[in-house]
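The opening residue of the sequence shown carries number 74 in our numbering; numbering runs sequentially from there. For every residue, glycine included, the Cβ atom is placed at its ideal position computed from N, Cα and C. From a predicted model like this one, the values you see are computed outputs, not experimental measurements. Everything on this sheet refers to the single structure shown next.
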Amino acid sequence: MPRVLMIGFGSVGRKLLEILTQRRESLSRWGGIPALTNLARNISIVGITTRSRGSLINQTEGVDLDRALIHFGPSNPDHSSTITSEEAIQKLDYDILVELSTTEIESKGFPATAYVENALQKGSHVVSANKGPVAFEAKRLLKLAERQNRLFLSESAVMDGSPVFALQRYALKGAQVTAIEGVLNSTTTLVIDEIVNNRRSFDEAVSIAQRIGIAEANPSNDLSGLDSACKIAALANLYLPLEASSLDPLAIPRDILTMETLHRQLRAEERRGSDIAGIGEGGAVRLVSRAAITESGEIEASVELKAVGKGTVFDSLKGTGAAVSICTDLMTPITIVQEAPTLSDTAFGVLEDMLTIFDLMIKDSADPLLRGNMGSDA
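Structure representation (structure tokens):
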């Protein structure tokens with residue numbers, strides 16, 4: 074039975090456990106056992122660690138997930154532990170690390186990058202919803218995973234579980250990606266639309282984004298373009314050739330969204346004869362992230378406040394939506410659009426990565442009980 078160690082138990086971790094507990098008894102409408110139910114029945118979560126709320130450890134029977142959802146913390150007498158995340162990674166016996174800690178941009182992804190590296194070095198597979206490791210250390214960690222014959226997957230690091238990395242892994246193996254462009258930060262999209270379309274002040278627009286839960290209490294990473302820079306770096310580091318130089322998100326040129334920079338862009342478009350959303354029939358202003366391979370094999374990237382054409386995918390984005398367009402040498406651009414993602418979207422991306430590893434472990438397993446479940450997903 075594959076053993077899982079979870080680092081972090083915030084809203085995504087809680088949703089992940091809710092789905093696993095709900096799907097233990099699910100049956101497919103077409104008969105048979107769905108893949109997710111098969112996963113839920115056949116894994117053991119041996120530990121859940123947090124930075125400030127203690128840890129739950131049970132290596133013998135696995136953590137009681139129902140009780141963890143109801144009462145997480147040191148007051149849970151059966152499972153409470155003071156073990157830290159770093160200690161758990163080194164001392165516990167597990168097959169998969171599920172890394173769900175908070176992204177720390179200022180520290181270049183640390184400590185999440187260390188969690189991932191130490192788990193890979195120990196010989197475990199890693200699933201991470203944290204954009205820090207793939208934004209700052211993707212290529213080094215991927216090479217380490219390859220040397221260890223393990224997987225390092227991070228589907229939920231960008232666009233909340235939409236299959237942006239699965240597309241690259243499974244559907245674009247014969248094509249060379251040359252450029253990636255996207256609107257990846259929903260806070261800036263909502264703030265811009267509230268100002269332009271609804272005539273809000275800048276502070277009012279930011280408050281609305283905070284009230285509906287897409288902006289943090291301190292939205293500086295969103296408004297400064299840092300969040301977008303991390304996401305385009307993560308995409309570039311996984312989509313563009315491993316031989317190309319890695320991007321440093323902190324070094325990517327980026328526009329900062331303020332009332333002044335937005336009005337400057339609007340005035341520039343008016344002088345060019347454009348008609349921006351909320352003023353007439355034109356397109357919208359968006360914070361657009363882009364990365365591309367140069368002729369010398371380097372990666373160039375930017376985060377730019379710019380007008381997008383009327384009727385384009387980027388123009389159509391509203392609220393919490395996001396989109397990314399992938400350019401290759403053999404196909405016309407492929408665009409993935411996500412509308413109004415929820416916690417289930419993010420948790421789903423983590424579960425998809427876990428299923429990928431679970432399937433690999435089934436194929437490699439000598440356990441007849443585990444192999445007996447193979448092919449039962451419908």
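- Taking all protein chains in view, the Cβ of K304 is crowded by 16 or more other Cβ atoms within 10 Å, so the residue is classified as buried.
- Between T175 and F209, the beta carbon gap of about 15 Å keeps them out of contact (Cβ cut-off 8 Å).
- Apart from the 5 residues on each side of it in sequence, V119 sits with its Cβ closer than 8 Å to the Cβ of R76, V77, L78, I130, N131, Q132, G135, V136, L165, D166, Y167 in its chain, given in chain order.
- The stretch 373-382 and the stretch 405-422 do not touch, with fewer than three beta-carbon pairs separated by less than 8 Å.
- By the Cβ criterion, the stretch 79-92 is in contact with the stretch 410-420, since at least three pairs of Cβ atoms, one from each stretch, lie closer than 8 Å.
- Shortest Cα-Cα distance from Q221 to any of I80, E190, S235, I162 involves E190.
- When secondary structure is reduced to three states using DSSP, T175 falls in the coil class, being assigned neither helix nor strand.
- Relative to the Cα of T251, the nearest Cα in the group R337, A309, T110, I325 belongs to A309.
- Just measuring C-alpha positions, the residue of K246, S227, I265 sitting nearest L403 is K246.
- Comparing C-alpha distances from P314 to each of E371, L299, N294 shows the shortest one belongs to E371.
- By the criterion of a C-beta distance shorter than 6 Å, C400 is surrounded in its chain by T251, A252, P406, once the five residues flanking it on both sides are discounted.
- The way I'd put it, the stretch 224-238 does touch the stretch 198-209; three or more beta-carbon pairs between them come closer than 8 Å.
- Under the three-state reduction of DSSP output, Q221 falls in the coil class, being neither helix nor strand.
- In the displayed model, E342 falls within a helix according to three-state DSSP.
- Here the alpha carbons of T110 and R140 stand approximately 19 Å from one another.
- DSSP places M79 in the strand class (E or B) of the three-state scheme.
- Put simply, the backbone Cα of F431 is about 29 Å away from that of L257.
- Comparing alpha carbon positions, the residue from A192, L214, S235 closest to V423 is S235.
- The straight-line gap separating the alpha-carbon atoms of S128 and L214 is approximately 26 Å.
- By the Cβ-count criterion, A396 is buried, with 16 or more other Cβ atoms from all chains shown falling within 10 Å of its own Cβ.
- Going by DSSP, A395 is part of no alpha helix (DSSP H) but of the beta strand (DSSP E) stretching over 395-401.
- When DSSP reads this structure, Q411 sits in a beta bridge with A395.
- Per the C-alpha coordinates, the member of S180, I92, E373, F183 positioned closest to A113 is I92.
- Where K383 is concerned, there is no enclosing alpha helix (DSSP H), because DSSP gives it neither an H nor an E.
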